[in-house]
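Residue numbers (full-length UniProt numbering): 1 to 221.
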């Protein structure tokens, strides 16, 4: 929309910034609805109504409710925090202890954000990571995470920093699986401060145990 010389607004495509704002409001509104009422009970019409737009306007941003959910999965429910931290990870010269402590702290901070806790609550409400709604996204995210972590562990194996009698994909799994479990138990939308703090302590203890098990003693932790 733009103004004519007389001050009236002329119809047309909204400014890009307005489109981005609408998209963000659709996602936030859908996230609230999915977390509070469940995926099936949250309709396109209810999302559009809460945002203050027509159904047709919502479809300009997302072709379906599943597309909205998939976008939320990618933005707040997927492996983004781990992949971001791995992208900034130093080379094999930096020992696994400092790198993994920084990585885990970064991931826990991201998982503890309100939107991330809302999203994981959707998964638990719908029946866990194995239900059809989220299974494909969870599986794809896990593969990406394990692949990228595996590259890091391979570098450390070649540098003699971590044990070589365990495959890198197994090392990655042993690190991540307990963290994911902690997230599903302690970092939900309605988790208390005490529960979330307890989850962080468990994650830190798990990491130290993991380092004790996999780091070659001579290289230190």
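All C-beta atoms in this analysis are idealised placements derived from N, C-alpha and C, irrespective of residue type, glycine included.
Can you tell me which residues form a DSSP beta bridge with residue 162? For the purposes of this step, residue 162 is identified with residue 162 of the chain shown, where counting begins at 1. Per DSSP, 215.
Tell me the rounded alpha-carbon separation between residue 36 and residue 46. Position 36 of the chain shown holds residue 36. Position 46 of the chain shown holds residue 46. The alpha-carbon atoms of residue 36 and residue 46 are separated by roughly 13 angstroms.
With DSSP run on the structure shown, which of helix, strand or coil describes residue 52? Counting from 1 along the chain shown, the entry for residue 52 is found at position 52. Residue state, collapsed to three classes: coil.
In chain order, which alpha helix (DSSP H) runs of at least 4 residues are fully inside the segment 153-197? 168-186
Give the range of the alpha helix (DSSP H) segment to which residue 38 is assigned. The sequence position of residue 38 within the chain shown is 38, counting from 1. Unbroken run through residue 38: none, as it is neither H nor E.
Exposed unless 16 or more other CB atoms sit within 10 angstroms - verdict on residue 63: For the purposes of this step, residue 63 is taken as residue 63 along the chain shown, with counting starting at 1. The residue is exposed, with fewer than 16 neighbouring Cβ atoms inside 10 Å.
Applying the criterion that 16 or more other CB atoms from any shown protein chain within 10 Å of the CB defines a buried residue, is residue 300 buried or exposed? Here the chain comprises residues numbered 1 to 221, so residue 300 is not present and cannot be evaluated.
Please say whether residue 189 and residue 121 have beta carbons closer to each other than 7 angstroms? Working through the chain shown from its first residue, we reach residue 121 at position 121. Working through the chain shown from its first residue, we reach residue 189 at position 189. In contact: residue 121 and residue 189 (Cβ atoms closer than 7 angstroms).
Assess contact between the segment 198-213 and the segment 135-145, defined as three or more Cβ pairs (one per stretch) separated by less than 8 angstroms. Is contact present? Put simply, the segment 198-213 does not touch the segment 135-145. Fewer than three CB pairs are less than 8 angstroms apart.
For the alpha helix (DSSP H) that contains residue 124, what are its first and last residues? Against the chain shown, residue 124 aligns to sequence position 124. Here the alpha helix (DSSP H) through residue 124 covers 114-126.
Does residue 198 get closer than 7 angstroms to chain B when you measure Cβ to Cβ? Included in the structure is just one protein chain, with no chain B present.
In the DSSP assignment, find the alpha helix (DSSP H) that holds residue 97 and state where it starts and stops. For the purposes of this step, residue 97 is identified with residue 97 of the chain shown, where counting begins at 1. Taken as a continuous stretch (DSSP letters only), the alpha helix (DSSP H) holding residue 97 covers 96-111.
Can the beta-carbon of residue 103 be found closer than 7 angstroms to that of residue 200? Start at 1 with the first residue of the chain shown, and residue 103 comes out as number 103. Start at 1 with the first residue of the chain shown, and residue 200 comes out as number 200. Not closer than 7 angstroms, so no.
Write down the C-beta distance between residue 179 and residue 153 rounded to the nearest angstrom, noting that I regard them as a contact closer than 8 angstroms. In the chain shown, counting from the first residue as 1, residue 179 sits at position 179. In the chain shown, counting from the first residue as 1, residue 153 sits at position 153. The pair is not a contact, with the Cβ atoms about 15 angstroms apart (cut-off 8 angstroms).
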